[in-house]
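Enquirer: What follows is a single structure, and I will ask about it in a moment.
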């Protein structure tokens with residue numbers, strides 16, 4: 029294993045909120061709809077959704093080190109599940125829930141998926157075995173080689189810089205946002221920084237959700253810094269903008285709407301794709317403010333979670349298609 033070089037300067041500005049606001053100010057393909065945001069906020073404020081608890085679908089209880097390692101791996105692998113039928117499924121679930129099911133199955137079977145030293149030595153075949161799909165469907169999720177690369181990188185970093193302890197960077201982080209920035213700075217597989225009209229814009233979907241979800245997984249065992257979620261934004265992916273668009277909270281130009289509705293793939297990093305993601309972050313922050321006016325004190329990750337679950341089973345309008353490791 030080669031020694032890692034000193035930490036480089038962050039790639040551009042890692043201020044997700046500031047960058048997304050700058051994109052929104054000059055966006056040409058996506059816009060916010062204040063009336064639609066107001067209606068959606070009213071609906072969310074009136075609803076009392078019974079969202080699943082973390083322990084229902086993930087790894088909970090037991091050794092905090094195991095929970096931390098398992099959740100970091102989950103976040104590293106959490107990207108790009110879309111494909112035409114038949115879809116990759118594990119225990120009947122697809123997408124993100126299939127990934128969680130596969131990692132729970134491996135943990136129950138005694139595979140040390142939470143141990144960084146083990147991950148660092150994985151082959152692509154090892155990962156394929158852990159992620160094996162249900163009979164009759166795809167044997168593995170899309171982008172398996174890319175998933176292996178981010179897994180190996182995560183394991184090597186934790187071994188080389190943290191003595192193989194997944195908890196170590198979590199304990200060192202002064203806040204959840206700081207942990208996300210560390211992941212984005214130290215690991216290329218988490219460095220979700222796009223360019224919009226010549227300027228960098230950090231989106232950090234998986235780095236932020238890693239910090240957020242490690243806090244959920246650790247519960248009462250979470251370090252104090254990790255419980256400070258104030259710097260986190262929405263996790264810009266493809267499901268949340270789909271829900272925002274369906275609710276009339278964001279709108280696409282006719283040309284972009286036609287491409288998305290035709291399920292035409294958008295290039296990762298293209299101007300329309302970056303605007304969809306950036307305005308998702310801005311829209312969720314607007315919803316946070318509007319919900320506060322209704323007496324609902326929810327932060328951006330909580331509103332993101334509400335919208336993500338609202339989108340499960342939503343078929344029309346379709347979500348945008350982009351092959352990418354970022355979401």
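In the working numbering, the protein residues as written are 29 to 355. Even glycine gets a Cβ: it sits at the ideal position worked out from N, Cα and C. Just so it is clear, the structure is predicted and the values come from calculations on it, not from any experiment.
Candidates 221, 313 and 309: which alpha carbon is nearest residue 326's?
Expert: Locating residue 326 in the chain shown gives position 298, counting from the first residue. Measuring from the Cα of residue 326, the nearest candidate turns out to be 313.
Enquirer: Report the residue from 145, 169 and 273 whose alpha carbon sits nearest the alpha carbon of residue 344.
Expert: Counted from its first residue, the chain shown places residue 344 at position 316. Closest by alpha carbon: 273.
Enquirer: How about residue 107 and residue 122: are their beta carbons less than 8 angstroms apart?
Expert: As a working note, residue 107 is residue 79 in the chain shown. As a working note, residue 122 is residue 94 in the chain shown. Contact flag unset, no.
Enquirer: Taking residue 275 and residue 332 to be in contact with their CB atoms under 8 angstroms, please state how far apart those CB atoms are, rounded to whole angstroms.
Expert: For the purposes of this step, residue 275 is identified with residue 247 of the chain shown, where counting begins at 1. For the purposes of this step, residue 332 is identified with residue 304 of the chain shown, where counting begins at 1. Actually they are not in contact, since the Cβ atoms of residue 275 and residue 332 sit about 14 angstroms apart, beyond 8 angstroms.
Enquirer: If we count the other Cβ atoms within 10 Å of its Cβ and call it buried at 16 or more, is residue 97 buried or exposed?
Expert: Here the question's residue 97 lines up with position 69 in the chain shown. Under this definition residue 97 is a buried residue.
Enquirer: Please return the same chain residues whose Cβ sits closer than 7 angstroms to the Cβ of residue 82, not counting the five positions on each side in sequence.
Expert: Here residue 82 refers to the residue found at position 54 when the chain shown is read from its first residue. Excluding positions up to five away in sequence, the list reads 88, 244 and 245.
Enquirer: Whose C-alpha, out of 278, 282 and 319, is nearest the C-alpha of residue 306?
Expert: Position 278 of the chain shown, counting from 1, holds the residue named residue 306. Out of 278, 282 and 319, 278 has the C-alpha closest to the C-alpha of residue 306.
Enquirer: On the three-state DSSP scale, how would you describe residue 193?
Expert: The sequence position of residue 193 within the chain shown is 165, counting from 1. Three-state result, residue 193: coil.
Enquirer: Does the Cβ of residue 292 have 16 or more other Cβ atoms within 10 Å, making it buried, or fewer, making it exposed?
Expert: Mapped onto the chain shown, residue 292 falls at position 264. Exposed is the call here.
Enquirer: In angstroms with no decimal places, state the Cα-to-Cα distance between residue 34 and residue 213.
Expert: Taking the first residue of the chain shown as 1, we reach residue 34 at position 6. Taking the first residue of the chain shown as 1, we reach residue 213 at position 185. Any reading at residue 34 must be qualified, since the residue scores a pLDDT of 40, below 50, and its modelled position is unreliable; the value itself is stated next. Computed Cα separation, rounded: 11 angstroms.
Enquirer: What is the DSSP secondary structure of residue 132, reduced to helix, strand or coil?
Expert: Within the chain shown, residue 132 is the residue found at index 104, counting from 1. In this structure, residue 132 counts as helix in the three-state DSSP scheme.
Enquirer: On the three-state DSSP scale, how would you describe residue 34?
Expert: Mapped onto the chain shown, residue 34 falls at position 6. Its pLDDT being 40, under 50, residue 34 is placed unreliably in this model, and the value from its coordinates should be taken loosely. Here residue 34 sits in coil by DSSP.
Enquirer: Check this for me: beta carbons of residue 310 and residue 49, under 8 angstroms apart or not?
Expert: Walking along the chain shown from the start, residue 310 turns up at place 282. Walking along the chain shown from the start, residue 49 turns up at place 21. Closer than 8 angstroms, so yes.
Enquirer: Using a Cβ-Cβ cutoff of less than 7 angstroms, which residues in the same chain neighbour residue 304 once the five nearest sequence positions on both sides are dropped?
Expert: The residue you call residue 304 lines up with position 276 of the chain shown. Only 58, 269 and 348 meet the Cβ criterion.
Enquirer: If you scan the stretch 183-246 from start to end, which runs of the alpha helix (DSSP H) of 4 or more residues do you find wholly inside it?
Expert: 195-200, 204-214 and 233-246, all fully within the stretch 183-246.
Enquirer: What are the complete beta strand (DSSP E) segments, minimum 3 residues, inside the stretch 255-304?
Expert: 278-280
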